[in-house]
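Inspection log for the structure reproduced underneath, given as structure tokens.
Residue numbers (the numbering used here): 10 to 481.
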């Protein structure tokens with residue numbers, strides 16, 4: 010009877026408010042599911058019902074393990090199975106010794122965050138705090154490892170993560186087969202978003218910022234599932250940029266961000282932003298597959314606004330040029346997709362972004378060239394076939410007072426063509442479709458280069474562009 014009573018008292022939740030539930034918060038209160046425990050059963054949290062999970066919420070938990078192989082076990086879940094497209098949220102362990110978050114409303118595309126044990130181990134026999142916040146209104150989920158905001162995900166429609174299943178801690182079911190091999194304490198659920206405070210301790214103003222625009226080609230996997238991604242990391246590390254606008258991220262973002270030790274914002278399967286500095290805010294300006302936008306806190310007194318975009322690959326310029334289409338048809342084709350997309354993105358800018366007070370950088374894969382490169386004196390170079398074209402996308406950027414950083418530094422198009430397309434498709438039109446634009450009174454480009462080299466083999470079909478800026 011005493012054992013049973015002790016068990017009940019030990020697992021009694023602490024109700025701090027009607028919308029806040031905590032377990033194992035008193036000194037010595039630990040859920041022992043390790044190999045040293047005689048009984049290894051997770052627990053149910055019946056106080057958290059479906060309504061609690063239908064909107065915004067915050068989960069936090071401390072875990073410790075020294076298991077060499079953790080497997081795919083649940084730490085917190087309202088799912089019945091470890092299946093990404095099943096409705097609900099799963100915060101658990103990975104085979105690699107790190108943790109995982111996957112979530113879905115059962116209708117939209119499921120999302121998962123798979124970090125690496127290189128940066129985020131939970132099987133090193135140390136206590137680690139894992140926190141996940143879900144902002145239903147903003148459609149955003151933030152992941153924290155030991156109070157560090159390691160990832161931000163746009164949930165892309167996955168707003169209601171409620172299920173009819175009881176929330177569980179430490180296991181997906183009542184048995185011991187699927188129990189986490191380790192210790193748990195300080196579980197917290199709050200029915201709103203409670204963000205750990207971002208601390209920027211560097212009070213010295215940043216004088217330079219290096220930005221990379223990089224389409225990594227199918228997540229970098231084309232030259233090998235692991236080898237290709239490793240080469241992407243090596244290309245980035247060789248340049249040592251502060252900010253990367255990544256296109257075609259496709260499942261590699263968490264691995265690359267961890268390898269760099271950077272903050273990571275995944276806007277869609279396609280677009281992500283990685284930053285040496287905290288990502289303080291994100292913006293929903295346009296379709297998530299085409300546009301990602303964020304504010305970066307680069308020092309305690311400096312911010313930049315940054316946009317990473319991808320414009321539609323259709324119509325295919327190579328085919329239009331080879332078919333000798335009229336300039337009018339080519340321009341009309343641009344406005345049918347790419348130019349229209351960019352125009353909508355530019356119109357969606359918050360009004361304060363156009364004041365020139367805070368530096369604003371726009372980079373990405375425009376899938377279109379620049380009017381600065383298709384002039385009368387270049388009409389017979391690089392397969393231009395005699396065309397002189399006022400490409401609408403670059404004209405839109407110019408009209409919005411953006412500066413093409415590469416062409417500002419290298420105005421001689423013949424000497425510095427910067428043919429970012431393509432490092433692989435050499436039988437196609439070679440032209441410049443990847444850009445870094447900027448504007449603002451306190452920012453100035455001082456260096457810009459095209460990157461298409463790797464010691465063994467470059468991993469992408471796009472060359473990257475890297476620009477260094479002076480900041481006031």
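The beta carbon of each residue, even a glycine, is placed where N, CA and C say it ideally should be.
With respect to residue 280, residue 317 sits close: the two C-beta atoms are nearer than 8 Å. Three or more beta-carbon pairs separated by less than 8 Å are not found between the segment 216 to 233 and the segment 120 to 140, which leaves the two stretches without contact. Here residue 471 is bridged, per DSSP, to 430. Residue 35 and residue 196 have their C-alpha atoms some 11 Å from each other. Between residue 291 and residue 357, the alpha-carbon positions lie close to 13 Å from each other. Looking at the DSSP output, residue 221 shares a beta bridge with 253 and 475. For residue 456, the secondary structure class from DSSP, reduced to helix, strand or coil, is strand. In the structure shown, the three-state DSSP call for residue 438 is coil. For residue 262, the uninterrupted alpha helix (DSSP H) segment begins and ends at 262 to 269. Judged by their CB atoms, residue 245 and residue 253 are nearer to each other than the 8 Å cut-off. Residues of the same chain with a CB within less than 7 Å of the CB of residue 224, apart from the 5 flanking positions on each side, are 256, 257, 374, 443, 469 and 471 in chain order. Going by DSSP, residue 314 is part of the beta strand (DSSP E) stretching over 311 to 319. The beta carbon of residue 417 lies closer than 6 Å to those of 454 in the same chain, with the five residues before and after it left out. A straight-line Cα-Cα distance of about 14 Å links residue 202 and residue 156.
For residue 73, the enclosing beta strand (DSSP E) covers residues 66 to 73.
Spanning the alpha carbons of residue 432 and residue 461 requires a straight line of approximately 7 Å. With fewer than 16 other Cβ atoms inside 10 Å of its own Cβ, residue 47 counts as exposed. Looking at the backbone, the Cα of residue 143 and that of residue 236 are separated by about 34 Å. Residue pairing for residue 259: DSSP places it in no beta bridge.
Non-local beta-carbon contacts of residue 314 in its own chain, meaning distances under 6 Å to residues more than five positions away in sequence, involve 304, 362, 367 and 369 in chain order. For residue 285, the closest C-alpha among the options 259, 217, 354 and 147 is that of 217.
Annotated as distal: residue 259 and residue 301, with beta-carbon spacing of 8 Å or more.
Distances from the alpha-carbon of residue 412 to those of 344, 326, 88 and 380 put 380 closest.
For residue 150, the enclosing beta strand (DSSP E) stretches over residues 149 to 154. Shortest Cα-Cα distance from residue 402 to any of 425, 341, 434 and 435 involves 341. Counting along the chain, no alpha helix (DSSP H) covers residue 365, and no H or E run does either.
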